[in-house]
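Start counting the sequence shown at -5; every next residue gets the next number (my numbering). Just so it is clear, CB atoms sit at the ideal spot from N, CA and C, and this is done for glycine as well. Notes for the one structure printed next.
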Amino acid sequence: MAETQTLTAEIVEIAYGTILFSTGLALVVLGVAFRSARSYEVPAFGAAILLHGIRALGDIEAVRLASGLPDAVFDYSGPICLYFVSAAAYIFLEQYWGSGLWNSFRRIWQFHLVFAVVATAVDLYTAAPGHSMEPYGVLVVVYRVVLVVNLVTGSLKTRPEDVYVLYGFGIVVLCTIHDVLVTAGVLEWTARARPLGVLAFMAGLGYSILLRARANQRQLGTLSTQLRTARQIQQSLLPPESVHPSTCRHAVRYIPMEAVGGDFYDFVPIDEHRFAVLVADVTGHGIPAALIASMLKTAAAAQSRIADDPAEVVHEINQRLHDQLDAHLVTVVYAVVDTQAGRIAIANAGHPPPLLRRRGAFTVREIGIADAAIGLLADERYGATRMALEPGDRLLFYTDGVTEAASPSGRHFSVEQVKSTLRERPDVDLESWADYLLEKVRRWTGRPTLTLDDDLTLVAIDIP
């Protein structure tokens, strides 16, 4: 009868260890293969389970005999796995619930990772497996006290579905009490409840993760819908072909960093021979920046009466937006081009100055002076730079997404390289030249596609 009970207990232990080992290994592999750039939640959880599984299997005599490995391998592996479990567990907790009070979870796993390495070295050096188990036990108690403090003080980013984790943790506590009573001889039977407690905790945690994933998926769907709507709204703010200048060749490239961006451009027809170009850049990215860009569109559209006066237009935009931008700033360049008179007038609010390449010349110059950005000074008065244009001149308006495109070493593309590109291929058509500039920027970043760290806009114009 005793032999049957022993065999049954051993089968249960083997099944328990195998479940932990295979589940943990699968989570580590899948977590590493599919994790996002900064998420270690699943692989850390898997590593903790895997280490428990290795330790559980190593404690089984039948597994030791079947493996053919020296007993010393298992004698050392059990304590070493325990040393590293807490580090993996608190990496998971930091990812799952946040860093905790005073970044306690992060401090715990960083400290314990060092401890685990040192404890392993001490065990091997002293040839005494488990030599460091006593300080390890003290640390585990301290860590659990810290966890309870975090839970009681509400310092963790918990969600309603995490109640199942607490249920599982409660079962672990009950099973631990049971095993202590068995060891003390208070209970008559010898069966251990630890495997049941660990599996219950795994089930509770797994179910909570599943519920979180479903909730995140729903939130992602809602956000995707909102982003599509915002993208459609932003696209509707960009000028249609009907208002693009018909008196000269032009090329536009608009590449937002995200689904919606903070760059903005517009063409404003004034009369048969005159039109205005507006290029702007809102600090930040995404929906907040796009909303401010839409406010800019409205503010600029309200200046139709003075559309031919760049300084006044920029001044009025600043007056309208100054108190509505919160922590954002907006850089704007507004230029009026007169193709009949061959003149340009430019007002600049903190924006990269437009570039001018004269026909047949190898010189490129910045035109206009940048005054304060929109939203910086409420009473800023803006000036206008006026100059003559000649047939064949090429103008380039752009945002800093062009000049701040970074190489793998962190160097920016720079204004000088944009100027150099303007001097190159002077006879190529404007659309091809714009593509050529973007290709140079892409090559500079070393990326297979033009994916940037900022929104990018350029408007190039050839004077007839």
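So, with DSSP's three-state summary, where would you put residue 457? Collapsing the DSSP output to three states places residue 457 in coil.
Going by DSSP, what residues sit across from residue 390 in a beta bridge? Answer is 349 and 454, bridged to residue 390.
For residue 196: DSSP bridge partner residues: Per DSSP, none; premise fails for residue 196.
Min CB distance residue 420 to chain C below 9 Å: In the structure shown, chain C does not exist; there is a single protein chain.
The beta strand (DSSP E) spanning residue 325 covers which residue range? 324 to 332 is the span of the beta strand (DSSP E), which, as asked, contains residue 325.
If you reduce the DSSP assignment to three classes, tell me which class residue 248 lands in. In the structure shown, residue 248 sits in a strand (DSSP, three-state: E or B).
In the DSSP assignment, what residue or residues form a beta bridge with residue 269? 263 and 331, per the DSSP bridge assignment.
Determine the DSSP secondary structure at residue 257, reduced to helix, strand or coil. DSSP, reduced to helix, strand and coil, places residue 257 within a strand of the structure shown.
Assign residue 338 to one of three DSSP states: helix, strand, or coil. In the structure shown, residue 338 sits in a strand (DSSP, three-state: E or B).
Can you have a look at residue 419 and say buried or exposed, based on whether 16 or more other CB atoms are within 10 angstroms of its CB? The Cβ neighbour count for residue 419, taken over all protein chains shown within 10 Å, is under 16; the residue is labelled exposed.
Buried or exposed by the 16-neighbour rule on C-beta atoms within 10 Å, applied to residue 267: Classification for residue 267: exposed.
Beta-carbon proximity check, residue 344 vs residue 367, cutoff 9 Å: Taking the C-beta atoms as reference points, residue 367 is found nearer than 9 Å to residue 344.
Segment limits, beta strand (DSSP E) that includes residue 380: Going by DSSP, residue 380 is part of the beta strand (DSSP E) stretching over 379 to 382.
Same chain, Cβ closer than 6 Å to residue 352, neighbours up to 5 away in sequence not counted: Cβ contact annotation for residue 352 (same chain, cutoff 6 Å, sequence separation greater than five): 387, in chain order.
State buried or exposed for residue 97, treating a residue as buried only when at least 16 other CB atoms are found within 10 Å of its CB. The residue in question, residue 97, is exposed, as its Cβ has fewer than 16 Cβ neighbours within 10 Å.
Alpha-carbon spacing of residue 74 relative to residue 39, whole angstroms: Those two C-alpha atoms are separated by around 17 Å.
Determine, using beta-carbon pairs with one atom in the segment 48 to 56 and one in the segment 99 to 109, whether at least three such pairs fall under 8 Å. No contact exists between the segment 48 to 56 and the segment 99 to 109.
Can you give me the start and stop residues for the alpha helix (DSSP H) that residue 412 sits inside? Per DSSP, the continuous alpha helix (DSSP H) segment holding residue 412 begins and ends at 409 to 417.
Pick helix, strand or coil for residue 54, following the three-state DSSP scheme. Of the three classes helix, strand and coil, the one that applies to residue 54 here is coil, per DSSP.
I need the DSSP call for residue 153, collapsed to helix, strand or coil. In the structure shown, residue 153 falls within a coil segment according to DSSP collapsed to helix, strand and coil.
Using 8 Å as the cut-off, can you tell me whether the segment 410 to 417 makes contact with the segment 209 to 218, which would need three or more C-beta pairs spanning the two stretches below that distance? At 8 Å Cβ cutoff, the stretches do not touch.
How would you write the range of the alpha helix (DSSP H) that residue 116 sits in, first residue to last? Per DSSP, residue 116 belongs to the alpha helix (DSSP H) from 98 to 120.
Checking the sheet assignment: what are the DSSP bridge partners for residue 360? 349, per the DSSP bridge assignment.
Whether residue 10 touches residue 192 by CB criterion (9 Å): Between residue 10 and residue 192, the CB-CB gap stays under 9 Å.
Since residue 7 and residue 54 are thought to touch, with beta carbons under 8 Å apart, how far apart are those beta carbons, to the nearest angstrom? Correct: roughly 5 Å between the Cβ atoms.
To the nearest angstrom, how far is it from the Cα of residue 259 to the Cα of residue 229? Distance between the alpha carbons of residue 259 and residue 229 is about 11 Å.
Nearest-angstrom Cα distance between residue 203 and residue 37? Between the C-alpha atoms of residue 203 and residue 37 there is a straight-line separation of about 13 Å.
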